[in-house]
Structure formats: C-alpha cells, structure tokens
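Step one of this worksheet: look at the structure below.
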Ligand code: SF4
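In our numbering, the protein residues as written are 1038 to 1305.
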C-alpha cells in the first residue's frame, strides 16, 4: 500500500513564505502550515501571523511551545548564538520542523522567488522533498507584493520601521542601523536584548553585534554615527544601482529588497 504524502509549508512571518501560504491555500487543500516559534520574534510578527491565519482559515501550528530560546540558552551555558555558532537555527528552526515532519513522505513548500538565486533550506531527511512553486511559476518580488496586496494582508508591518527581515528581535544578522531602529521603535525589545549581553568571569564578552555592545550602541553619539554611515552607504548604493542600470539597460533584476542573505529558514 502506498504511503500518504503530507504537504507542509514552514512560515517565518516574512513576506515570501506568507505570500506562498496565500498562493497555495486554494491549490493544495490538505496543506499544513507551521511556524517555528523562538518565543523571541518581533511583536509585529505574532500579530501578522494571527491575521494570516484568519485569512487562511486554517491553523498555523506553532512549534517549540515547550522550549523556546531561553531554554536552549541555558543548555548552552549562556553562550549567545552567532553567525559562527548558530545553535538557534539548528535547535529552534530546523530540528522542530524535522521532528514535526516525522518519517512519512512529505512535500515541503519553500518560498524562494523566481528572481532569487539563494539556496533555501533543503532537509537532508530522505522523506522530505522540497518544492519551489514561485520559481516554477515565475513569481518574482513584484509578484509576491501583488499576492500580499491583493489579499489585503499586505507586507509584514516591521518593514515600515526599517527592519528588513523576520526572526528574533535580537537576531545577530541585523545591521547596526536596524538595532538603532529597534531602539527607536521597540525600546522594550532593545532593552530585553541588552539584558542577554554580558562579560563572563574570564573577561569574555557575549554581545549580539560584533562592533558594539548594545549598551555602547545606544549612546547618542554612536546612534548618530551609525545613522550618518548608513546615509552615506545608501547614497553609494543608489549611485551603484544607477550605474548598474545604465550598464544593463534591459533585463537587469531590480534589487529592491536588499536583505541580508542569511538564515533563510528564519527569514523567507
Ligand atoms: S532569527 Fe536569528 S537569532 Fe533567531 S533563530 Fe534565526 S538566526 Fe537565530
């Protein structure tokens, strides 16, 4: 007897996986939606997912309900995760997803767009087959925006204040300017992130940002410096983009959502 195949879409609270959930809603009736909750996501992400859930008319299963980030931080003896030691992605995103999937045949829907050449999460579990409907159907950044706008759901609200991706409010992949925006928009979450930082007895410091501890970063002179440098780099980026347009003239991809290209499972 052939085994039943499950259809699962792992959402991050980001625009691409949300648009894919909306896109697949009427195409694959038996699809299951899941969200690997670290318990430290942006406030807006939780609200956004609630709205999406109502629109989908189906539960988004929240994983990790018993062991979020703080549990694993204890297990790791207070070692904050970092780009070099990403235990958070492994234990709070990949592992719970694979456990939820189990051993039955599964088709996993991944929200990589047609205009991206990033590599998405592809499980090495032999029973999981990843598929990329946006790539197959030629849906690019503009297509994703259209799906979100047409549904009335719109883009994730954190984009309005300049955070570029979903994931934990203290994510170490965010740029200094995003920390400044978090400080100005959600001072309570900035403060909560700050409380995780410490200097150990042997003088080793645990900070989210490589350049500054958050208590340094929040100082007015550093905030002003970060804003100044960001404005300069934006000017430079726009000039480069104009040059690129002149070179390519036709057919060039518009890099409108210039996001950090890390931790896809948290950010798609
Ligand atoms: S969003 Fe950042 S901090 Fe959170 S699990 Fe992903 S990589 Fe880790």
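Each residue gets a CB set at the ideal place from its N, CA and C atoms; glycine is no exception.
Item, Value
"Sheet register partners of residue 1119 (DSSP bridge)", "Residue 1119 is not bridged to any residue."
"Whether residue 1234 touches residue 1251 by CB criterion (7 Å)", "yes"
"Given residue 1183 as reference, the closest of 1052, 1111 and 1042 once Cα atoms are compared", "1052"
"Counted within 10 angstroms of its Cβ, other Cβ atoms place residue 1130 as buried (16 or more) or exposed", "buried"
"Cα-Cα separation between residue 1061 and residue 1198, rounded to whole angstroms", "29 Å"
"For residue 1297, the three-state DSSP class (helix, strand or coil)", "Residue placement at residue 1297 is flagged as unreliable, the pLDDT there being 46, under the threshold of 50; the coordinate-derived value follows with that caveat. Looking at residue 1297 - three-state DSSP - the assignment turns out to be coil, as it is neither helix nor strand."
"Among 1242, 1102, 1085 and 1268, nearest to residue 1196 - alpha-carbon criterion", "1085"
"Range covered by the alpha helix (DSSP H) that runs through residue 1219", "1213-1222"
"Residue 1186 to residue 1179 span [Cα, whole Å]", "10 Å"
"Coil, strand or helix - residue 1324 by DSSP", "This structure leaves residue 1324 out entirely; the chain is present only between 1038 and 1305."
"Contact test: residue 1129 Cβ vs the ligand FAD heavy atom, cutoff 6 Å", "The ligand FAD is absent from the structure shown, which contains only the ligand SF4."
"Residue 1073 Cβ short of 6 Å to the ligand SF4 heavy atom set", "no"
"The ligand SF4 heavy atom lying under 6 Å from the CB of residue 1126", "yes"
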